[in-house]
Structure formats: structure tokens, C-alpha cells
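**Q**
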């Protein structure tokens, strides 16, 4: 399966570079060398593990549940995108974001979940490079929240594309360079919201 995240990595580095330049111009200390090296190192390790093991195991477990235990066959509908109803794409994307919310929340409330997620919160700075700082075991904890999609018949391709788009979205909210975004704050996870979620004493 094509990884949209791999294609997004150059964009991530461009945005990190822009944020760094803006921080220098504005004379704001948003980056520290040692902290950013740690962020990027964990991001590299995460991607290596994902390529070698995580994506394969998650895709296999999801596909197995979908093939053997799904309760509904959603089938092919009118108004298709890649052979799947655009309505299913939209519903799957929103539902996956909802499942991500609960997986993320439980990773803060359950010891096992926190053990897989804590690396993401160990940075002493808060900038775009922190988005790349991920725990390598986190996908295995989060996967428990995603397997119900296979049970209700969301095809693996649809789920994993929605999952990757959701993951890419999470990148840009790890910044102090963007303030509050007006009405968008009412319905979306924004940099302001996520700064609070990280529990850092930064301007929201």
C-alpha cells in the first residue's frame, strides 16, 4: 500500500524550515538543537519500525478481521472515488477521527497506553518537529480502537487512506507560530487546542 505519510515527509521538513526561519526573524526561541535532534531521531526510528513491522502487522490484522468477521458488506455504491462511495469515504474519515480521539485520550488515561505515547510528550519545546516524535509501540495500542471499522465493513484501503490523511493533519497543529483561528476553534483540533493538550505553559 502506498504511504501518503512518506510522500508528506518533504513537506514536513519544508514547514519545519519555514517555522525555524520565522522564529529567528521574530526572535522567538521555538527550536533548540538537542531537542530537535531527539524529535527527528524518534521520527526516523518510528518510520523504520513502521516500514519493517507496524504497518504490515496492522494491515494484516485489519484485513484479517475484515475478511473473516465483518458484519456488513458495504459494497460498491454510486458516486464512487476509487471504487468506493464518496459517502463511505466521508463517514469513514469522520469516524476514524473520532476513534483517534478516543485512542489518544485513552493513551493519556491508561498506563499501557501512556507507556506507548509518552515519548511524544517528552520534548521540552513545542514546534513542528515535535509532531514527528512518536513512540514505536503506539500503533499497536491505537489499533484496538480501529479494528471495529473492519467489523462494520470499512474496506482496508479506505481505512488506511483516511488514517494517513488524519495523521498528516496532526502535523501542523504542533506549533506556537500560529495563534487562535476564530470559528475554526469551535469544530477542529487547532494549534491552540493542541498546545493545551500537551500541557505546556505556552501562549494559547
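Numbering (this note's numbering), first residue to last: 3 to 206. In this text, a Cβ means the ideal position worked out from N, Cα and C, and glycines have one as well. Treat the numbers as computed from the prediction; the structure is a model and nothing was measured.
#1: Return helix, strand or coil for residue 87, following the three-state DSSP convention.
#2: Applying the criterion that 16 or more other CB atoms from any shown protein chain within 10 Å of the CB defines a buried residue, is residue 28 buried or exposed?
#3: Go ahead and pull the three-state DSSP assignment for residue 36.
#4: Please say whether residue 71 and residue 153 have beta carbons closer to each other than 8 Å?
#5: Grouping DSSP H, G and I as helix and E and B as strand, with all else coil, what is residue 137?
#6: If you drop the 5 nearest sequence neighbours on each side, which residues of the same chain put their C-beta closer than 6 Å to that of residue 118?
#7: Output the distance between the C-alpha atoms of residue 10 and residue 170, rounded to the nearest integer angstrom.
#8: Anyone know if the C-beta pair for residue 41 and residue 132 falls short of 8 Å?
#9: Quick one: Cα of residue 201 to Cα of residue 165, how far?
#10: What whole-angstrom Cβ distance do residue 155 and residue 75 have, given they're in contact under 8 Å?
#11: How big is the Cα-Cα spacing for residue 145 and residue 60?
#12: Using CA coordinates, which residue listed in 196, 159, 187 is at the minimum distance from residue 176?
#13: Have a look at 178, 192, 15, 186 and flag the residue whose alpha-carbon is nearest the alpha-carbon of residue 127.
#14: Taking the alpha carbon of residue 96 as the point to measure from, which residue in 35, 134, 148 has its own alpha carbon closest?
#15: Would you mind reading off the limits of the alpha helix (DSSP H) that contains residue 6?
#16: Residue 157 lies in the alpha helix (DSSP H); which residues open and close that run?
#17: I'd like the list of long-range same chain contacts for residue 158, defined as Cβ closer than 7 Å, with 5 residues on each side in sequence excluded.
#18: Any idea what DSSP makes of residue 200, helix, strand or coil?
#19: Just curious, the alpha helix (DSSP H) that residue 115 is in, first and last residue?
#20: For a quick check, are the C-beta atoms of residue 121 and residue 135 less than 8 Å apart?
**A** So, from the data block:
#1: In the structure shown, residue 87 sits in a strand (DSSP, three-state: E or B).
#2: exposed
#3: helix
#4: yes
#5: Three-state DSSP puts residue 137 in coil, outside helix and strand.
#6: 137, 139, 140, 143
#7: 7 Å
#8: yes
#9: Here the C-alpha atom of residue 201 lies approximately 25 Å from the C-alpha atom of residue 165.
#10: 6 Å
#11: 7 Å
#12: 196
#13: 178
#14: 148
#15: 6–27
#16: Run containing residue 157: none; DSSP gives neither H nor E here.
#17: 61, 64, 65, 68
#18: When secondary structure is reduced to three states using DSSP, residue 200 falls in the coil class, being assigned neither helix nor strand.
#19: 113–119
#20: yes
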